[in-house]
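Numbering (our numbering), first residue to last: 1051 to 2287.
C-beta atoms are modelled at their ideal positions from N, C-alpha and C, and glycine is treated no differently.
Down below is the structure, laid out as structure tokens.
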């Protein structure tokens, strides 16, 4: 039935108010009378009703939003800086500007505005017509008196059908205004037990105990002492001989740790408060609930992070105070589990919000910081960072100076993607608002910005002594304001956001704080209100005309009246959408309490599911778009909620627990202060082979300096035990193991072991960096090879891998040179070691001649390598990855390696490559390659037009050399590092640039001079994505980036295998690198990533909850093997400075055929062989597989190879050039083929 908009909402209001249970009581919604539904459209469900949204009309504006003037709206409210205000010291704080709440306060169905004034009177504006408001503050009873107000919540505290208001005040009683339903309010905070007097900043309500009423969390900040610090020290000796703050100062100050053994007095934050609603009166349960941590809180966000149906809460704290993620235990208590869930958080945490950014039905999360958007602003804000180093590095979790965007992996863990997604930097940010502003079906991000003064200007400094008698504000009162541009980021999908601030008309430059969204004109798109300082609030009308939408209005009966805490999931078209009903989000901001869904081109809703706050679930199907969908909680229709059962493809294997790689931490930055990241924590490596001849695969794991590597023998059932007494590996306990490789060095048919040494701790020439060779007696007992078995070279090695370069029947080795200690980015020497051993007599390897392998020695800072047959001539070739260089290709010309990097098309693709492995991912009969890189989730971003560079030269003129990193901004080459660290490493710069402004305003050549830059060694990178090299079949390649979710951290170990038995190669990678220089956030956004291949060269990334592969630590080597002998490939991951991780396949997919090749003595694993799999039924279906002796990153996988049953024959091209053909029986699953003589 059609009706006017006005009639529709009158009826809807009547419907919403029916069944109220009186003051403080909940009532069952009675049976709805037919006359109360006039104007609402009935649906096929008794508990779901529809109301049409107003048709959107095209406007003259070319931008998405139009900012309406105060004259047009009647809203002239303004927060202004009042220098005569007694509490003006609060302008230095999060209390600077009051909050906002949107809601229908008088029951006329239109969206109204409530605004909190900091030191002034609050204001209530009732909307009379579209975007036309009347100030009714004086008659409503909400002006607030003399209190300095902050955040506000608009919720139905009494469950009586109207919106009440709760306001946080600084050092004055908080206010609770109870609504009579007509927009008149009565203050009742004290009577209700929540007239709290504290440094209260934000109130947020939720039914955390699922009893049907709303409980209250009060976020606090800190007290600001009038007159600053006292003249006399505010501390005294404690009875135990220590120091304590005097009682009268304990609300302001505390003793904080500032170093390993250093403590100092500092301002402290206040503990937050949690109140349980006991039928209209509130009880403080903070202590018993576990909410006791002090912090400079700036936002608190209710959010069911783990999907268990219980509302948890994220608390964002400013300064060095750690953020909290309080998990709801379901028994009235909370546990802060943030260190178990997130690898790092923002440092100056500001506003936050939750939303489903990738349309997978899970709520993701954004927390803001204040990272600058330009080079100049960044360098002006960095200051003297050295004093904060210990605080930053000791924080748990680690804190980073940028925004964080957490992607929900569906298992209570999160990857982090802000830099990858383009939202890491947004200036001095306050409100984060995740919503679909353009109705395209994807959640966008709006950020408000600005500050009362430029408190981060590093050229303005004062000492602790200066703070005596003066507040922080006193020092900046006469300084300029710090206006910033507000930012809007459009979600383009695939975890990518684009800055559309100007295009959307949201690029206002000012001092903006709170922000709330709602649909003022009820046309199905979200309008926006932004609270500014020193100018009127901004009201933005959304003028979108494209994209369908839906609004969901919830009416609880068993749950709270407005369904706060509910979770709603919609499937429309190809996209899944999820929202949670939490009106308070961002910063001091209460949005309209309906759920808006942009649906893009979808013209129908296939399904809608509501999970009510009490745990019940209602489901609906086949609903129309462009409607307000009103849903009654119906106890008779509720289904119990139970979290989705996880059915991962892999499970953690417990038989390898307790194998821990432990670094003896070395301070790389002492020798090279401007080193971008540590070079002393690159291991460990891992290698698998059957060392004792019992038919099961054992492994060796390398160790750090101070530990000895070890052989672990397999029992074939998933159990492993250490072999022997540690000898001979314990003889080399002071070496740092890097590459490890099992191969037959002495041609006796069993695997011996090569271990390369590479440690930034030792200088070139130190005997502790010599590589080592251990010989196997055939039973798994190893002894060190005699002196002279290996050439004498004492520089840092990395990878070692083997192949029969010269086709003489034994394996030769490539040993990569990594870096010269103390001289990064200069590379060590790489080598080809030719096996000249005499079986039964001597073991001897010699360095290949320059004529044989001339260009290999200068392959750069080598990270990985792979012997592989590239051009189809039957001779094994070599591919090498390096940091600050291309992936290099060397073709084997009858035993002589000739570089063909240029011809392969890879010469100009320069990256920080970590690893390489091969597989036929597109089933076309040649080998493609996966290459690991640093990813796109760091502060470094590079392209062909804007490469990043590193210079290494003498900038002091005294012969000493330093590192200089550089990037392009607006066509100008600029330094990446700031003034503080640069002048510390290169003191002459301190004389040249006296101020941060001078340094921040200077180009690279201004700072270091063109002459000295010209004399420097220079390296460049223009591609940081991990990716695939698609083999074009003629020895040339096309680079293709891996899925975006893989780019959230550096990729190290990587390997192909068919994990689901569909006949296509899948890809698993391990990630993360935590040991960056302390100013740079750790590269630790990943959990590892499993990707399913489609057989055409494309990959689909799985969530960690789907794969079961969860490695949030610093993964290095990755090997695949059958741990438990069940016929499926499993994974073992070596972790730097952490515990070995192992995962076994659950084996749900079709059973695969197991192929094992047995070569001859000297090459018993048949390394260098190539297998061509064929299908009789489908002649076009082929796949090639190579046999590698070392690959990935410092890794060697087991010797079994798996193929799906669609292949029924194979051709083996053996390392000696011979070829054999074989059939594969359909009934047989294990095949062993032996190389012919």
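| query | result |
| --- | --- |
| If you drop the 5 nearest sequence neighbours on each side, which residues of the same chain put their C-beta closer than 6 Å to that of residue 1281? | 1518 |
| Could you give the first and the last residue of the continuous beta strand (DSSP E) run that contains residue 2156? | From DSSP, residue 2156 is part of no beta strand (DSSP E) but of the alpha helix (DSSP H) over 2154 to 2157. |
| Taking the continuous beta strand (DSSP E) assigned at residue 2074, which residues delimit it? | Careful: residue 2074 lies outside any beta strand (DSSP E) and carries neither H nor E. |
| So, with DSSP's three-state summary, where would you put residue 1244? | coil |
| Would you mind giving the Cβ-Cβ distance between residue 2202 and residue 2252, rounded to the nearest angstrom? I have them listed as a contact below 8 Å. | 4 Å |
| Could you give the DSSP three-state label for residue 1819: helix, strand or coil? | helix |
| Alpha carbon to alpha carbon, how far is residue 2016 from residue 1059? Give it in angstroms, no decimals. | Residue confidence is low: residue 1059 scores 36 on pLDDT, short of 50, so the model does not pin down where it sits. No coordinate-derived value is stated. |
| Report yes if the C-beta distance between residue 1103 and residue 1441 is below 8 Å; otherwise report no. | no |
| So residue 1173 is in the beta strand (DSSP E); what residue range does that whole segment cover? | 1173 to 1179 |
| Identify, in the order they occur along the chain, each residue of the same chain with its Cβ nearer than 6 Å to the Cβ of residue 1160, setting aside the five sequence neighbours on each side. | 1177 |
| Quick check on residue 1260: buried or exposed, where buried means 16 or more other Cβ atoms within 10 Å of its Cβ? | buried |
| In the segment 1339 to 1396, which residue ranges form an unbroken alpha helix (DSSP H) of at least 4 residues, counting only runs that do not cross its ends? | 1388 to 1391 |
| Report the rounded CA-to-CA distance for residue 1230 versus residue 1162, giving the unit in angstroms. | 16 Å |
| Helix or strand or just coil, what does DSSP make of residue 1727? | strand |
| Under three-state DSSP, which class holds residue 2031? | helix |
| Below 8 Å, how does it come out for the segment 2002 to 2020 and the segment 1723 to 1732: are there three or more Cβ pairs, yes or no? | yes |
| So, is residue 1405 buried or exposed, given that buried needs 16 or more other C-beta atoms within 10 angstroms? | buried |
| Which term fits residue 2269, buried or exposed, when burial requires 16 or more other beta carbons within 10 angstroms of its beta carbon? | exposed |
| Please check the pair residue 2200 and residue 2254, which I expect to be a contact at CB under 8 Å, by giving their CB distance rounded to whole angstroms. | 7 Å |
| Does the ligand HEM have even one heavy atom less than 7 Å from the beta-carbon of residue 1239? | With respect to the ligand HEM, the structure shown offers nothing to examine, as it has no ligands at all. |
| I need the boundaries of the alpha helix (DSSP H) containing residue 1903, first residue and last residue. | 1900 to 1903 |
| In chain order, which continuous runs of the beta strand (DSSP E) of length 3 or greater are located wholly inside the segment 2176 to 2237? | 2180 to 2185, 2191 to 2195, 2203 to 2208, 2220 to 2224 and 2232 to 2236 |
| In terms of DSSP beta bridges, what is residue 1636 paired with? | 1402 |
| With residue 1734 and residue 1751 assumed to form a contact (beta carbons below 8 Å), what rounded beta-carbon distance in angstroms separates them? | 6 Å |
| Does the separation of the CB atoms of residue 1882 and residue 1906 fall below 8 Å? | yes |
| Quick check: the segment 2044 to 2064 against the segment 1982 to 1995, are at least 3 beta-carbon pairs closer than 8 Å? | no |
| Less than 8 Å between the CB atoms is what I'm expecting for residue 1567 and residue 1578, so what's the real figure, rounded? | 5 Å |
| Work out the CA separation of residue 1687 and residue 1192 for me, nearest whole Å. | 40 Å |
| When DSSP builds the beta bridges, which residues end up paired with residue 1566? | 1579 |
| Using 10 angstroms around the beta-carbon of residue 2123, count the other beta-carbons present and answer buried if the total reaches 16, otherwise exposed. | buried |
| Using DSSP with H/G/I as helix, E/B as strand and the rest coil, what is residue 2141? | strand |
| Output the distance between the C-alpha atoms of residue 1860 and residue 1703, rounded to the nearest integer angstrom. | 36 Å |
| Compute the distance between the beta-carbons of residue 1756 and residue 1779, then report whether it is under 8 Å. | no |
| Return the CA-CA distance between residue 1164 and residue 1125, expressed in angstroms with no decimal places. | 11 Å |
| Please report the straight-line C-alpha distance between residue 2059 and residue 2020, rounded to a whole angstrom. | 20 Å |
| If you reduce the DSSP assignment to three classes, tell me which class residue 1963 lands in. | coil |
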